[in-house]
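Residues in the sequence shown are numbered from 108 upward in steps of one, following my numbering.
Backbone N, C-alpha and C define an ideal beta-carbon position, used for all residues, glycine too.
Working notes, beginning with the structure itself.
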Amino acid sequence: MAKKENLIKSSQIQTIILNHDGKARDAEAFFIDPLDNRFYLISKREFKSIVYSTDIFQDVEKHMLKPLITLPFTFVTAADISPSGDAILIKNLTDIYYWNRVLNESIQHSLSKPYKRLAYQQEPQGEAITFDNSGKTFFTVSERPFGLDSYLYQYNFSKPQN
108 MAKKENLIKS
118 SQIQTIILNH
128 DGKARDAEAF
138 FIDPLDNRFY
148 LISKREFKSI
158 VYSTDIFQDV
168 EKHMLKPLIT
178 LPFTFVTAAD
188 ISPSGDAILI
198 KNLTDIYYWN
208 RVLNESIQHS
218 LSKPYKRLAY
228 QQEPQGEAIT
238 FDNSGKTFFT
248 VSERPFGLDS
258 YLYQYNFSKP
268 QN
């Protein structure tokens with residue numbers, strides 16, 4: 108049986124311009140919460156990364172990113188939220204941080220709770236993280252720094268207990 112592909116027609120792709128007050132920021136990590144349908148962006152190069160949010164599905168000319176919370180680490184390169192919205196992963200160059208989320212809890216409240224560091228095989232210039240559809244596996248991948256090979260790493264995990 109052939110696997111069904113999820114395709115997006117080019118006519119359905121649109122550009123959304125995000126704005127924020129203050130200086131320009133470098134940001135690579137983002138996710139959309141399946142529960143509140145909001146867009147979350149995490150800054151990369153501040154001494155402590157900042158989580159911003161906006162409603163990108165609202166039909167407005169300008170989407171203003173509002174700061175929500177400051178994280179106790181820096182150089183965030185990737186983030187994802189599980190398909191059910193009950194787990195959040197944020198990755199920087201050296202670690203993967205995990206937050207359990209109680210349903211009906213805001214992202215801001217979830218990220219204000221203590222995190223767990225997950226076991227992680229450091230990779231050269233690790234840049235991406237994503238959950239699979241089950242939320243029981245996640246993947247990371249690196250860029251190809253200095254011409255090195257890039258690998259896709261798979262992690263099966265049980266959600267840490269709080």
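(request) Can you tell me the Cβ-Cβ gap for residue 227 and residue 188, rounded? I've got them flagged as a contact below 8 Å. (result) In the sequence shown, the residue the question calls residue 227 occupies position 120. In the sequence shown, the residue the question calls residue 188 occupies position 81. That belief does not hold up - the Cβ atoms of residue 227 and residue 188 are roughly 18 Å apart, past 8 Å.
(request) Could you check what DSSP says for residue 127 in three-state terms: helix, strand or coil? (result) Position 20 of the sequence shown holds residue 127. Coil.
(message) I'd like to confirm the pairing. Which residues does DSSP put opposite residue 270 in its beta bridges?
(response) Outside the displayed range of the chain (108 to 269) lies residue 270, so it cannot be described from this structure.
(request) Could you pull out every residue in the same chain whose Cβ sits closer than 8 Å to the Cβ of residue 267, ignoring the five residues on either side in sequence? (result) To locate residue 267, count along the sequence shown from 1; it is residue 160. Around residue 267: 205, 207, 223, 225.
(message) What does the Cβ neighbour count give for residue 131, buried or exposed, with the cut at 16 atoms within 10 Å?
(response) Working through the sequence shown from its first residue, we reach residue 131 at position 24. Residue 131 is exposed by the Cβ-count criterion.
(message) For residue 155, count the other beta carbons within 10 Å of its own beta carbon; 16 or more makes it buried, fewer makes it exposed. Which is it?
(response) Here residue 155 is taken as the residue at index 48 of the sequence shown, counted from 1. Label assigned to residue 155: exposed.
(message) Is residue 172 close to the ligand MG? I mean its beta-carbon at under 6 Å from any heavy atom of the ligand.
(response) Among the components of this structure there are no ligands whatsoever, and the ligand MG is therefore not found.
(request) Label residue 115 either buried or exposed according to how many other C-beta atoms from any shown protein chain fall within 10 Å of its C-beta, with 16 as the threshold for buried. (result) Taking the sequence shown and counting its residues from 1, the one referred to as residue 115 is at position 8. Classification of residue 115: exposed, given that the 10 Å Cβ count is below 16.
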